[in-house]
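Quick mapping for you: the protein sequence lines, in order, are chains A and B. Per UniProt numbering, residue 1 is the first one in the first sequence, and the count goes up by one each step. Per UniProt numbering, residue 1 is the first one in the second sequence, and the count goes up by one each step. The C-beta atom is built at its ideal place from N, Cα and C for all residues, glycine as well. The next block holds one structure in the form of structure tokens; read it before the comments.
Protein chains: 2
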Amino acid sequence: MFSKETYIQRRAALRNRLSSGIVLFLGNIDNPINFKDNCYPFRQDSTFLYYFGLSVPFIAAIIDLDEDKSIVFGDELSIDDIVWMGQQETLQAKCAKSGVAQTSPSGSLSTFIQKAIDSKRTIHFLPPYQSSSKIRLSELLQVPVSNLKPSVSLIKAVVAQRSIKEPQEITEIEKALQVATEMHLLAMRLGNIGTKEYEIVNAMQHYAGDHNCSFAYPPIVTRHGEILHNHHYHNTFGKGDMVLNDSGVETSLGYASDLTRTFPADTTFTPLQRDMYQIVLDSFESSRNLLQPGVSFKSIHLHATEILVQGLKDIGLMRGNVADAVAAHAHSLFFQCGLGHMMGLDVHDMEDLGEQYVGYTDENPKDTTTFGIKSLRLGKELEAGYVLTIEPGIYIIPELIDIWQAENKLAEFINYDKLKEFRHFGGIRIEDNFLITPEGYRLLGPELIKSVEDIENYKQAYA
Amino acid sequence: MFSKETYIQRRAALRNRLSSGIVLFLGNIDNPINFKDNCYPFRQDSTFLYYFGLSVPFIAAIIDLDEDKSIVFGDELSIDDIVWMGQQETLQAKCAKSGVAQTSPSGSLSTFIQKAIDSKRTIHFLPPYQSSSKIRLSELLQVPVSNLKPSVSLIKAVVAQRSIKEPQEITEIEKALQVATEMHLLAMRLGNIGTKEYEIVNAMQHYAGDHNCSFAYPPIVTRHGEILHNHHYHNTFGKGDMVLNDSGVETSLGYASDLTRTFPADTTFTPLQRDMYQIVLDSFESSRNLLQPGVSFKSIHLHATEILVQGLKDIGLMRGNVADAVAAHAHSLFFQCGLGHMMGLDVHDMEDLGEQYVGYTDENPKDTTTFGIKSLRLGKELEAGYVLTIEPGIYIIPELIDIWQAENKLAEFINYDKLKEFRHFGGIRIEDNFLITPEGYRLLGPELIKSVEDIENYKQAYA
Ligand SMILES: [Mn+2]
Ligand SMILES: [Mn+2]
């Protein structure tokens with residue numbers, strides 16, 4: 001946990017952003033895998049961690065905006081629990097570290113909420129994403145699950161606060177990046193011809209675990225870099241394959257890292273891979289250089305896209321005017337997703353609160369329908385204190401090419417003939433994490449090698 | 001998956017045990033960790049795996065008892081999904097492998113159930129343990145979550161069927177045991193003075209993962225063997241410590257293994273540890289020898305307990321008549337839990353269906369109140385085809401001793417003075433998995449060393 005003052009100040013800042021009523025936070029539960037007592041590793045809700053720091057299952061908390069007090073609802077261990085699980089710090093002692101003086105049994109929350117309902121007080125809550133929270137909210141508020149109405153003013157207040165990272169949060173993120181960077185180097189040493197995808201995943205998990213971290217998300221480790229969400233790891237890397245490794249860890253306090261590297265299973269890229277890699281790297285570096293407060297991330301995304309299109313033009317896969325191609329979304333045959341996203345206590349920070357609120361504004365809302373741009377999680381103007389990823393890529397997806405080619409879609413920008421040679425090329429992505437500073441940006445964590453030369457030298461050194 | 005015929009026959013056998021109506025099975029979903037698209041590893045519900053073999057999230061199935069047909073409800077991938085996740089086998093093709101000819105979109109399940117409700121057909125379902133299933137059942141059946149009434153006849157039919165393991169299920173369990181056995185040997189080699197608990201856990205996970213398995217449950221790896229459910233791994237093993245390792249894996253089809261060994265971090269046990277270990281081993285071997293059809297597991301549990309009490313008497317921690325001590329539950333100061341449990345697709349097999357139905361009978365119901373015996377998950381007469389664990393132990397729990405001693409509880413059987421010397425002794429458990437055969441029993445999986453001599457020799461060989 002951070003200091004007691006941290007949590008007290010964060011809650012005070014939240015109160016200042018809201019008018020009146022009660023804010024209700026539900027913590028996460030121990031989620032059953034295949035029966036009640038066989039559970040997944042516990043992960044507290046990130047907003048709960050942010051305001052209370054308590055990594056304890058089955059608790060809830062309220063902030064009373066009118067009476068300026070916080071209460072945590074949860075049960076102390078019974079003697080049966082102590083016999084089974086050993087003596088532990090009491091919930092009350094844990095809460096004291098969060099600056100919460102008052103705890104109350106779980107069962108008393110419904111009475112508390114009932115009183116608030118009776119006195120017609122506003123009860124603010126965030127959108128629930130775990131089913132257990134949906135049920136509990138439904139029961140507490142006496143509203144069907146499908147009719148729960150999260151508080152937009154609360155969402156906006158939390159997003160405003162969590163978006164600007166404190167120095168101690170940056171330190172945690174950089175801890176996560178320290179471990180993730182070493183983990184990626186390990187993967188580069190292991191990811192050779194004959195290696196299985198899962199061998200890299202398991203070795204990374206082992207490394208992260210031994211360094212007091214866990215995966216921040218299911219890693220993507222694949223010879224099919226064009227598959228954006230690949231969570232099966234049964235392929236073997238062969239000669240000519242690239243390894244795409246998108247993986248990051250979170251610290252014990254819950255702060256994430258999110259890095260991607262693409263490297264040859266062999267000790268060198270093929271000439272074609274090198275050309276394509278350089279296009280992605282150019283796009284990465286050029287867009288990174290634009291990071292600064294006041295610039296919209298959407299404009300940086302579009303810039304990154306133009307660099308990709310120019311590169312694809314240079315090698316003959318695209319043609320025509322670059323700006324026109326981007327305006328027509330022709331690039332989305334090769335770059336289907338967004339340039340990056342916020343990162344913090346969640347790898348896609350605050351995604352549970354809604355991308356519209358996290359990444360966009362009422363004045364410039366998210367485009368939720370156009371293929372490509374609808375996957376851009378962050379579009380709004382940057383502010384100092386934001387932490388985000390930059391992750392351009394090129395993905396050659398046979399199924400998508402077939403669909404586009406069947407209707408000769410945007411053929412003025414796409415050379416479908418040439419594309420045949422690339423059908424099984426795969427995909428490339430490069431991703432780092434940055435802090436927006438008053439002056440511009442700062443790379444978070446150690447530098448992880450990413451030039452063609454550095455990667456080939458590293459592979460050769462460990463061959 | 002097993003053969004198509006396997007699933008067809010299992011569903012036919014279930015139909016034969018039930019009269020009429022519809023059986024509704026909900027599969028598990030991808031469970032969110034901290035936001036909707038960041039999920040825990042998917043694990044299908046075990047009963048769903050048993051009857052359909054489909055390890056696919058967000059599907060459901062019905063067996064129509066009257067019309068003799070099965071339908072799986074789920075959605076095929078959209079082109080967006082294929083772009084994001086790659087081309088995959090269709091749900092229809094997967095269902096064909098399960099002998100299910102008819103699939104229907106997820107959305108049509110509510111119409112199907114509504115029709116069944118309108119025609120007053122019985123809708124059988126099992127007790128939901130994941131919150132997502134509770135919500136879905138509540139919405140489908142239009143009943144509040146707290147009023148859902150699972151079908152006892154269905155529970156009994158499923159338990160009767162799943163309790164008797166098929167030869168191919170035994171083969172899977174033995175695959176899990178093959179991997180778990182090697183994993184335990186790895187832990188013995190690693191578990192030395194100076195090792196951290198988590199280093200063993202992470203190395204075991206790495207080994208299991210590289211052998212196409214995953215943990216069947218959060219492992220217990222601890223220098224505090226007396227803590228029965230210890231899932232924090234931050235201690236370092238010191239001189240004089242024992243390592244208690246209770247861990248098992250499940251295969252890709254979902255079949256579990258569940259082994260426990262206790263060994264010295266040093267290369268030898270202390271004399272006191274050796275004596276206590278031998279008591280547990282004697283209890284283990286003596287109770288194992290009683291395994292055979294027709295014998296109640298409760299009687300074997302009581303026999304194992306008597307052997308423990310005799311041993312504790314021999315070293316001076318208990319006193320008085322052994323049978324009287326057991327009848328008075330005096331042993332439960334040292335052995336607070338049950339001798340074993342069923343194992344199969346779940347490590348505690350079918351625990352979601354209710355211990356009363358899995359481990360007991362209407363005639364001999366479970367004792368749910370007496371400390372000690374209330375934790376015995378299996379009490380009923382054994383049948384050929386059962387797979388179960390035997391896992392006696394001795395646990396010296398300071399908090400429990402203090403409570404008992406404060407009231408001088410059962411002092412005629414317990415030597416509280418002598419017990420002072422043992423206050424920080426810790427705990428010992430030994431656990432293997434067995435199949436009940438017509439003749440008696442068979443140890444499943446390879447023999448994993450467990451005598452004092454074998455363990456010390458192994459530790460010395462790798463020191
Ligand atoms: Mn990312
Ligand atoms: Mn067990």
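Specify whether the stretch 287-302 of chain B and the stretch 201-216 of chain B touch according to this definition: at least 3 beta carbon pairs, one from each stretch, less than 8 Å apart.
no
Helix, strand or coil, according to DSSP, for phenylalanine 215 of chain B in the structure here?
For phenylalanine 215 of chain B, the secondary structure class from DSSP, reduced to helix, strand or coil, is strand.
For aspartate 258 of chain A, is the beta carbon positioned less than 7 Å from some heavy atom of ligand 1?
yes
Beta-carbon proximity list for phenylalanine 371 of chain B, same chain, < 6 Å, skipping 5 on both sides
Ser332
Sequence ranges, beta strand (DSSP E) only - wholly within the UniProt domain "Aminopeptidase P N-terminal" (2-134) of chain B, length at least 3
Runs of beta strand (DSSP E) with 3 or more residues, each lying fully within the UniProt domain "Aminopeptidase P N-terminal" (2-134) of chain B, are found at 22-26, 32-35, 60-64, 69-73 and 102-104, listed in chain order.
Output needed in chain order: residues of the stretch 70-100 of chain A with a Cβ under 8 Å from some Cβ in chain B.
So the list reads Ile79, Ile82, Val83, Trp84, Met85, Gly86 and Gln87, given in the order they occur along the chain.
Among A:Leu24, A:Asp454 and A:Ile59, nearest to phenylalanine 263 of chain A - alpha-carbon criterion:
Phenylalanine 263 of chain A has its Cα closest to that of A:Asp454, out of A:Leu24, A:Asp454 and A:Ile59.
Looking at the unbroken alpha helix (DSSP H) that takes in glycine 359 of chain A, where does it start and where does it end?
355-359
Listing by chain order, which chain B residues have their CB less than 7 Å from the CB of serine 46 of chain A?
In chain order: Asn34.
Got a sec, what are the start and stop residues for the beta strand (DSSP E) glycine 209 of chain B sits in?
Counting along the chain, glycine 209 of chain B falls outside any beta strand (DSSP E), though it belongs to the alpha helix (DSSP H) covering 197-210.
Arginine 162 of chain A (DSSP reduced to helix, strand or coil)
helix
Pair within 8 Å by beta-carbon distance, aspartate 432 of chain A and leucine 443 of chain A
Contact flag set, yes.
Looking at the C-beta of tyrosine 360 of chain B, does it have a partner C-beta in chain A at a distance below 8 Å?
no
Does the Cβ of glutamine 232 of chain B lie closer than 7 Å to at least one heavy atom of ligand 1?
Note that residue 232 of chain B is histidine in the sequence shown here, rather than glutamine. Distances taken from the Cβ of histidine 232 of chain B to the heavy atoms of ligand 1 include none shorter than 7 Å.
Alpha-carbon spacing of serine 153 of chain B relative to alanine 328 of chain B, whole angstroms
CA-CA distance, serine 153 of chain B to alanine 328 of chain B, rounds to 36 Å.
Using a threshold of 8 Å, state whether the C-beta atoms of aspartate 68 of chain A and serine 106 of chain A are closer than that.
Result no, Cβ atoms of aspartate 68 of chain A and serine 106 of chain A do not sit closer than 8 Å.
Reducing DSSP to helix, strand and coil, say where glutamate 391 of chain B ends up.
coil
Against chain A, with Cβ distances strictly below 8 Å, would valine 134 of chain B count as a contact?
In the sequence on display, residue 134 of chain B carries lysine and not valine. Yes - at least one Cβ of chain A is within 8 Å of the one on lysine 134 of chain B.
By how many angstroms is the C-alpha of serine 146 of chain A removed from the C-alpha of glutamine 9 of chain A?
34 Å
Chain A contact residues for valine 145 of chain B, given Cβ-Cβ distances below 7 Å
Ile135
Anything in chain A within Cβ reach of asparagine 202 of chain B, meaning under 7 Å, just list it in chain order.
By Cβ distance, chain A contributes His206, Gly209 and Asp210.
CA-CA distance, histidine 301 of chain A and tyrosine 360 of chain A?
A direct Cα-Cα distance of roughly 14 Å separates histidine 301 of chain A from tyrosine 360 of chain A.
Option nearest isoleucine 396 of chain B by Cα separation, candidates B:Met342, B:Glu226 and B:Val309:
B:Glu226
Within the stretch 306-362 of chain B, ranges of the alpha helix (DSSP H) (whole runs, at least 4 residues)
322-327 and 355-359
Quick one: which chain B residues come within Cβ less than 8 Å of leucine 228 of chain A?
Val83, Trp84 and Met85
Quickly, what does DSSP pair residue 466 of chain B with across the bridge? List them, please.
As displayed, chain B neither begins before 1 nor continues past 463, which places residue 466 of chain B out of reach and without an answer.
Could one say the Cβ of tyrosine 217 of chain B lies closer than 8 Å to chain A's Cβ atoms, at least one of them?
So, interface residue.
Restricting to Cα atoms, I'd like to know which of A:Pro446, A:Phe334 and A:Glu351 is closest to histidine 341 of chain A.
A:Glu351
Show which residues of chain B have a CB atom less than 7 Å away from the CB atom of glutamine 336 of chain A.
Val83
For glycine 445 of chain B versus leucine 186 of chain B, is the C-beta spacing smaller than 8 Å?
Here glycine 445 of chain B is not near leucine 186 of chain B, since their CB atoms are 8 Å or more apart.
Could you compute how far the alpha carbon of leucine 148 of chain A sits from the alpha carbon of phenylalanine 35 of chain B?
Their backbone Cα atoms lie some 17 Å apart in a straight line.
Selection of the stretch 377-405 of chain A by Cβ proximity to chain B, strictly under 9 Å
Tyr395, Ile397, Pro398, Glu399, Leu400 and Ile403
Under the rule that 16 or more other beta-carbon atoms within 10 Å means buried, what is asparagine 245 of chain A, buried or exposed?
buried
Give the straight-line distance between the Cα atoms of methionine 183 of chain A and cysteine 39 of chain B, rounded to the nearest whole angstrom.
21 Å
I'd like to know if histidine 224 of chain A contacts chain B, where contact means its C-beta is closer than 8 Å to some C-beta of that chain.
yes
Say the cut is 7 Å; is the CB of histidine 341 of chain B nearer than that to a heavy atom of ligand 3?
Inclusion of ligand 3 in the displayed structure is not the case, the ligand content consisting of ligand 1 and ligand 2 alone.
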